[in-house]
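Numbering (the UniProt record's numbering), first residue to last: 1 to 323.
Below is one structure, written out as structure tokens; the observations come after it.
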Amino acid sequence: MERAATKVLVVGGTGYLGQHVLEGLSKIADDGVPYDLAFTYHSTPNPPPLLLAGVPQCLAFHVDLRTGDGLETVSRRFGQPNIVVNCAAISVPRVCEKDPDAAMAVNVPSALVNWISSFQDRDALLLIHLSTDQVYAGVKSFYKEEDEAAPVNVYGKSKMAAEKFISEKCSNYAILRSSIIYGPQTISPVPKSLPIQWIDGVLSKGEPVEFFHDEFRCPVYVKDVVTVILSLIHRWRSEGDKQMKLLLNLGGPNRVSRVEMAEVVAKVRGYNASLIKPVSASSVDRGVSSPADISMDISNLVQALGIRPTPFQDGVKSTLEIA
1 MERAATKVLV VGGTGYLGQH VLEGLSKIAD DGVPYDLAFT YHSTPNPPPL
51 LLAGVPQCLA FHVDLRTGDG LETVSRRFGQ PNIVVNCAAI SVPRVCEKDP
101 DAAMAVNVPS ALVNWISSFQ DRDALLLIHL STDQVYAGVK SFYKEEDEAA
151 PVNVYGKSKM AAEKFISEKC SNYAILRSSI IYGPQTISPV PKSLPIQWID
201 GVLSKGEPVE FFHDEFRCPV YVKDVVTVIL SLIHRWRSEG DKQMKLLLNL
251 GGPNRVSRVE MAEVVAKVRG YNASLIKPVS ASSVDRGVSS PADISMDISN
301 LVQALGIRPT PFQDGVKSTL EIA
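The structure is reproduced here in structure tokens:
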């Protein structure tokens with residue numbers, strides 16, 4: 001008997017990661033059967049035409065995650081998904097700090113989880129949820145998943161609350177604590193500034209630029225994030241009598257400061273590295289507390305999925321399309 005297509009719903013499909021996930025899903029198949037794809041969007045009245053053209057035969061649904069409005073339309077037109085990938089979030093810490101109620105309402109996906117819980121066959125559904133390295137306090141290097149989560153800002157607190165809600169309410173989930181995601185632009189260009197492209201842009205002007213020397217992250221290449229998500233989907237679909245409750249750090253293999261990130265871009269592009277002026281993160285008031293060192297140990301990710309993320313310099317070269 002021919003296998004039914006795997007239904008995948010990408011929540012926040014018009015965002016940076018969401019578009020890359022949709023693109024990745026559209027290029028592969030599940031045992032020879034293409035994925036049945038749908039995505040949600042909210043920030044625009046209509047889905048981007050370029051995205052619809054780039055991912056054909058993909059249904060688009062306008063959904064408000066704060067209220068759940070639009071999810072019943074997904075049920076009616078798309079049916080029960082096998083996989084839900086939640087990429088939707090208010091992810092700018094300063095914005096979350098200014099409006100904590102909105103941050104909690106969007107970043108804690110209570111309406112989405114309640115919708116999933118309403119399905120008769122909810123145990124057959126996997127939720128893949130993107131969390132953040134900002135759940136960690138930032139007082140040491142290479143956090144492990146079992147280390148205490150003690151976020152210092154509203155963004156981190158909202159994502160921590162989401163992790164707790166999902167782990168208590170969902171039968172099957174994979175929570176991915178992602179670091180800074182970088183990589184090439186999306187099918188339909190997103191309006192937000194992309195980290196490597198921004199660094200490239202300011203250094204290309206040939207003027208001195210300040211970067212923090214004492215704030216450390218493990219930036220992860222976007223195509224590695226997609227590979228992790230596709231691997232989780234394949235594992236979920238290939239296992240028979242299954243249950244999945246995973247919490248994984250999702251970062252790149254390199255712990256780098258903002259200065260070191262800029263130095264790599266300068267090296268790759270051939271810019272004058274003396275333009276990079278190190279300053280302390282404490283010298284700038286960004287309107288929000290920012291953890292100093294939230295580098296992550298990704299050994300559990302490597303062991304669980306057999307995936308070794310791209311070294312930062314190689315990812316920068318691919319982002320800027322430099323051989």
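For every residue, glycine included, the Cβ atom is placed at its ideal position computed from N, Cα and C.
Here the structure is a predicted model, which is why all the values come from computation and not from measurement.
Excluding its 5 nearest sequence neighbours in each direction, LYS98 has C-beta neighbours in its own chain below 8 Å: GLY287, listed in chain order. Pairing ILE90 with VAL106 gives a Cβ-Cβ distance under 8 Å. If only uninterrupted alpha helix (DSSP H) runs of at least 4 residues are considered, those enclosed by the segment 27-58 are 49-54. Closest in alpha carbon position to ALA102, among TYR182, LYS159, SER171, is LYS159. In the same chain as LEU246, and ignoring 5 residues on each side of it, the C-beta atoms closer than 8 Å to its own belong to TYR173, ALA174, ILE175, LEU232, ALA304, in chain order. Unbroken beta strand (DSSP E) stretches of 3 residues or longer found wholly inside the segment 181-231: 209-212, given in chain order.
Boundaries for ILE116: no beta strand (DSSP E) harbours it, while the alpha helix (DSSP H) harbouring it runs 110-117, taken from the DSSP string. Residue pairing for MET160: DSSP places it in no beta bridge. Shown here, ALA124 sits in a helix according to DSSP, grouped into three states. For VAL8, the uninterrupted beta strand (DSSP E) run begins and ends at 7-11, by DSSP. Taking 8 Å as the cut-off, the beta carbon of HIS213 is found no closer than this to the beta carbon of ALA162. Cα atoms of VAL139 and VAL284: separation of roughly 19 Å, rounded to the nearest angstrom.
Non-local beta-carbon contacts of ASN254 in its own chain, meaning distances under 7 Å to residues more than five positions away in sequence, involve CYS218, PRO311, PHE312 in chain order.
Residue burial is scored here from C-beta neighbours: LEU250 has at least 16 other C-beta atoms within 10 angstroms and is therefore classed as buried.
A direct Cα-to-Cα measurement between SER178 and ASP224 gives close to 11 Å.
Judged by beta-carbon spacing, LEU230 lies beyond the 8 Å limit of GLY32, meaning their Cβ atoms are not closer than that value. In the three-state scheme derived from DSSP, where H, G and I count as helix and E and B as strand, TYR136 is classed as coil. Here LYS157 is buried. Its C-beta has 16 or more other C-beta atoms within 10 Å. In the three-state DSSP reduction, ILE298 falls in the coil class, being neither helix nor strand.
For ARG177, no alpha helix (DSSP H) encloses it; the enclosing beta strand (DSSP E) starts and ends at 173-178.
Here LEU9 is near ALA38, since their CB atoms are less than 8 Å apart. When Cβ pairs closer than 8 Å are counted between the two stretches, the segment 182-201 is seen not to touch the segment 131-150, the count staying below three. Taking the CA atoms as reference points, PRO34 sits about 7 Å from SER26.
A distance below 8 Å between beta-carbons, with the five flanking residues on each side excluded, links GLU263 to the following residues of its chain, in chain order: ALA273, ILE276. The alpha carbon of LEU301 has as its nearest neighbour, out of SER295, PRO309, ILE294, the alpha carbon of PRO309. Counting of Cβ neighbours within 10 angstroms places SER295 among the buried residues, the total reaching 16 or more. Within the DSSP bridge table, the entry for VAL256 names ARG217 as partners.
In the displayed model, VAL85 falls within a strand according to three-state DSSP. By the CB criterion at 8 Å, LEU127 and ILE166 fall inside the cutoff.
The beta carbons of LEU17 and ILE181 sit about 6 Å from each other, so the pair counts as a contact at 8 Å. Under the 10 Å beta carbon count, ARG76 is surrounded by fewer than 16 other beta carbons and is classified as exposed. Apart from sequence neighbours up to five positions away, the residues of its chain that approach THR67 with a beta-carbon distance below 7 Å are ALA111, ordered along the chain. Under a 10 Å Cβ-count criterion, LEU50 is classified as exposed, with fewer than 16 other Cβ atoms of the shown protein chains found around its own Cβ.
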